[in-house]
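Quick note on the numbering used here: the sequence shown kicks off at 10 and runs consecutively.
Each remark here refers to the structure printed beneath this line.
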Amino acid sequence: MTGAFPTHISISSEDAGQRLDQFLASRLEISRARVQELIRDEKILLNGSAAKPSFKLRGDESVTIAGPAERAPLRAIAEEIPLDILYEDDDLAIVNKPAGMMVHAGAGATEDARNRGTLVNALLHHFASLSAVGGEMRPGIVHRLDKETSGLIVVAKNDEAHRKLAEQFAQREVKKKYIALVHGWMKKDSGTVSAAISRDRIRRIRMTTRHSGGRDALSHYHVLRRIDSPYGKFTLVEVKIDTGRTHQIRVHLSSLGHPVVGDTLYGAPAEIRPHRLRHGSGATLSLARNFLHAAQLEVAHPRTGAKIALTSPLPEELAHFQKALETLASSPLPSREP
């Protein structure tokens with residue numbers, strides 16, 4: 010839909026019986042979600058009045074469209090947000106991302122929510138230039154971390170560095186290690202999960218290993234510590250990944266029956282209740298994020314080829330949670346009632 014606004018469309022008898030949003034999505038060649046957004050914002054009127062997307066056309070209506078079918082493209086903006094920059098030169102930077110921060114804006118939300126508070130917003134404020142390979146909403150972004158995952162992420166400052174770094178990721182030459190705390194005791198001290206990952210067909214925000222046709226994914230784990238506490242058993246694991254699929258570590262660990270602590274999307278409880286205290290009393294434990302941290306990153310410099318290897322310690326909230334469990338584990342357990 011182009012040209013001057015408003016634009017008018019007359020509904021004919023051939024169109025009768027269709028939902029308003031279905032008809033306009035087909036006629037304008039845009040998504041139903043975008044049509045529904047325009048209707049909600051009263052940019053689309055039916056016979057001069059607001060209408061519902063589900064309205065069934067009779068064939069004698071007039072539709073007025075008062076704005077463009079497509080959103081104006083978003084462009085990331087600089088925002089003064091503190092950054093923990095561990096390494097920086099003319100070609101790249103390596104940043105310690107906190108949990109709760111999205112790497113870049115997502116589609117489908119409101120304008121402000123899509124373009125505020127992200128790592129990209131912070132990067133644009135701190136650095137004079139970033140690569141443009143990823144587009145205007147993802148400048149400098151070579152790879153990603155989930156919103157509630159903390160740790161090391163590499164950023165490209167120019168297009169040549171971006172392409173060379175992206176090639177390292179594609180060839181699985183970048184070494185990444187994560188630390189995760191999972192529910193239950195893992196049976197093996199180490200192992201490999203090779204299970205393709207695809208989007209869940211029912212809950213679209215989830216990924217799964219249960220469907221065929223997914224993208225190959227490979228994760229290697231090694232047990233660092235098993236914890237037996239009044240709140241249950243937990244395993245602290247180190248995970249190396251050869252691929253970088255969406256939610257890969259979370260999905261793979263959950264597929265083994267050991268969801269990451271705090272990861273309610275993949276089966277972890279929102280609260281951890283004590284079950285070995287007298288009368289079941291005692292405070293519940295909770296974690297406002299996932300216990301998953303990108304702790305080590307090794308990459309070849311895109312210009313010189315020199316190895317850059319960095320380590321990030323567990324954030325305070327994760328270290329405190331682990332210490333609390335280990336303190337409880339090392340204390341004598343209250344006896345059960347006879």
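Don't be surprised by glycine CBs; every beta carbon is placed ideally from N, CA and C.
Go ahead and label residue i buried or exposed: buried means 16 or more other beta carbons lie within 10 angstroms of its beta carbon, across all protein chains shown.
{"i": "leucine 274", "result": "buried"}
{"i": "glycine 68", "result": "exposed"}
{"i": "threonine 336", "result": "exposed"}
{"i": "isoleucine 250", "result": "buried"}
{"i": "leucine 233", "result": "exposed"}
{"i": "serine 21", "result": "exposed"}
{"i": "glutamate 157", "result": "buried"}
{"i": "aspartate 30", "result": "buried"}
{"i": "aspartate 272", "result": "buried"}
{"i": "arginine 259", "result": "buried"}
{"i": "glycine 222", "result": "exposed"}
{"i": "alanine 102", "result": "buried"}
{"i": "histidine 113", "result": "buried"}
{"i": "lysine 332", "result": "exposed"}
{"i": "asparagine 56", "result": "exposed"}
{"i": "glycine 26", "result": "exposed"}
{"i": "isoleucine 211", "result": "exposed"}
{"i": "arginine 287", "result": "For arginine 287, the predicted model reports a pLDDT of 48, less than 50, meaning its position is unreliable and no value from the coordinates is stated."}
{"i": "lysine 186", "result": "buried"}
{"i": "histidine 171", "result": "buried"}
{"i": "lysine 316", "result": "exposed"}
{"i": "isoleucine 48", "result": "buried"}
{"i": "serine 40", "result": "exposed"}
{"i": "isoleucine 214", "result": "exposed"}
{"i": "arginine 298", "result": "buried"}
{"i": "glycine 117", "result": "Note that glycine 117 scores 45 on pLDDT, short of 50, meaning its location in the model is unreliable and no value can be drawn from it."}
{"i": "lysine 173", "result": "buried"}
With distances taken between CB atoms, is the gap from residue i to residue j smaller than 8 Å?
{"i": "proline 148", "j": "leucine 154", "result": "no"}
{"i": "leucine 334", "j": "histidine 302", "result": "no"}
{"i": "leucine 323", "j": "tyrosine 96", "result": "no"}
{"i": "valine 104", "j": "valine 164", "result": "yes"}
{"i": "glycine 160", "j": "alanine 304", "result": "yes"}
{"i": "methionine 216", "j": "serine 207", "result": "yes"}
{"i": "alanine 85", "j": "methionine 146", "result": "yes"}
{"i": "histidine 329", "j": "glycine 253", "result": "no"}
{"i": "glutamate 280", "j": "serine 295", "result": "yes"}
{"i": "serine 71", "j": "serine 19", "result": "yes"}
{"i": "asparagine 167", "j": "aspartate 100", "result": "yes"}
{"i": "leucine 262", "j": "valine 183", "result": "no"}
{"i": "tyrosine 230", "j": "glycine 276", "result": "no"}
{"i": "valine 248", "j": "methionine 195", "result": "no"}
{"i": "histidine 267", "j": "threonine 244", "result": "yes"}
{"i": "alanine 87", "j": "leucine 133", "result": "yes"}
{"i": "glutamate 169", "j": "proline 283", "result": "no"}
{"i": "lysine 52", "j": "glycine 76", "result": "yes"}
{"i": "arginine 224", "j": "alanine 205", "result": "yes"}
{"i": "glutamine 257", "j": "alanine 226", "result": "yes"}
At a cut-off of 7 Å, would you count residue i as near the ligand MN, judging by its Cβ distance to the nearest heavy atom?
{"i": "glycine 200", "result": "As far as ligands go, the structure on display features none, and thus does not contain the ligand MN."}
What are the boundary residues of the beta strand (DSSP E) that includes residue i?
{"i": "valine 191", "result": "184-192"}
{"i": "leucine 233", "result": "227-238"}
{"i": "histidine 17", "result": "16-19"}
{"i": "isoleucine 162", "result": "159-165"}
{"i": "isoleucine 348", "result": "Coverage of the chain is limited to positions 10 through 347, which leaves residue 348 absent and any answer about it impossible."}
{"i": "lysine 242", "result": "241-250"}
{"i": "threonine 201", "result": "199-203"}
Would residue i pass as an interface residue toward chain D - the criterion being a Cβ-Cβ separation below 8 Å?
{"i": "histidine 192", "result": "The structure shown contains no chain D; it is built from a single protein chain."}
Since residue i is in the alpha helix (DSSP H), which residue starts that stretch and which ends it?
{"i": "serine 35", "result": "29-37"}
{"i": "lysine 173", "result": "168-179"}
State whether the stretch 53-65 contacts the stretch 123-134, with contact taken as three or more CB pairs (one from each stretch) at a distance under 8 Å. no
Give, in chain order, every unbroken run of the beta strand (DSSP E) that is at least 3 residues long and sits entirely within the stretch 264-327. 301-309 and 316-320
Please give the ranges of any beta strand (DSSP E) in the stretch 78-155, keeping only runs that are unbroken, at least 3 residues long and fully inside the region. 94-97 and 101-106
Restricting to runs no shorter than 3 residues, where is the beta strand (DSSP E) found entirely within the stretch 50-81? 53-55 and 71-74
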